[in-house]
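Numbering (this note's numbering), first residue to last: 8 to 116.
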C-alpha cells in the first residue's frame with residue numbers, strides 16, 4: 008500500500024482547551040474562531056525529527072493566532088499567553104506523538 012494512503016490524517020483537537028482555563032484569565036483565553044481549536048497534519052510529517060520540528064513550529068504559530076485578541080495591555084497579554092500554552096499543550100497531548108511530546112517538554116523547560 009502506498010505510504011501516503013496508509014498515513015491517516017492526524018488531527019490534534021483541543022477538546023475543552025479553553026474551558027479548562029480559569030475564569031479569571033478573561034475573554035482572550037477563548038480562540039477567536041472555533042476552527043482554530045483544531046490542528047491538523049499528516050502522520051508522515053512527524054516521521055523524522057526535522058518534520059516533527061516543522062509541525063511543532065506550525066502548532067506554536069497556530070496557537071498564538073487562535074488566542075490573539077488584538078487587545079493590548081499586560082493583563083490581556085498574560086491571558087493570551089495562558090491560552091496559547093494550554094492550546095498547544097492540548098494539541099501535543101492529543102497528537103499521541105512521542106517526537107512532538109519531547110519537543111514540547113524541551114520547549115517548556
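All residues carry an ideal CB built from backbone N, CA and C; glycine is no exception. These figures come from a predicted structure and were not determined experimentally.
Check: Under 8 Å: do the region 100-107 and the region 82-89 share three or more Cβ pairs, one atom per stretch?; Outcome: no
Check: With the cut-off set at 8 Å, would you say residue 107 and residue 71 are in Cβ contact?; Outcome: no
Check: Go ahead and label residue 47 buried or exposed: buried means 16 or more other beta carbons lie within 10 angstroms of its beta carbon, across all protein chains shown.; Outcome: exposed
Check: I need the straight-line Cα distance from residue 57 to residue 51, nearest angstrom please.; Outcome: 12 Å
Check: If residue 85 sits next to residue 67, beta carbons under 8 Å apart, how far is it from one beta carbon to the other, in whole angstroms?; Outcome: Not confirmed; about 18 Å, so no contact.
Check: Where in the region 30-108 do unbroken runs of the alpha helix (DSSP H), each at least 4 residues long, occur, reported from the N-terminal end onward?; Outcome: 56-74 and 81-102
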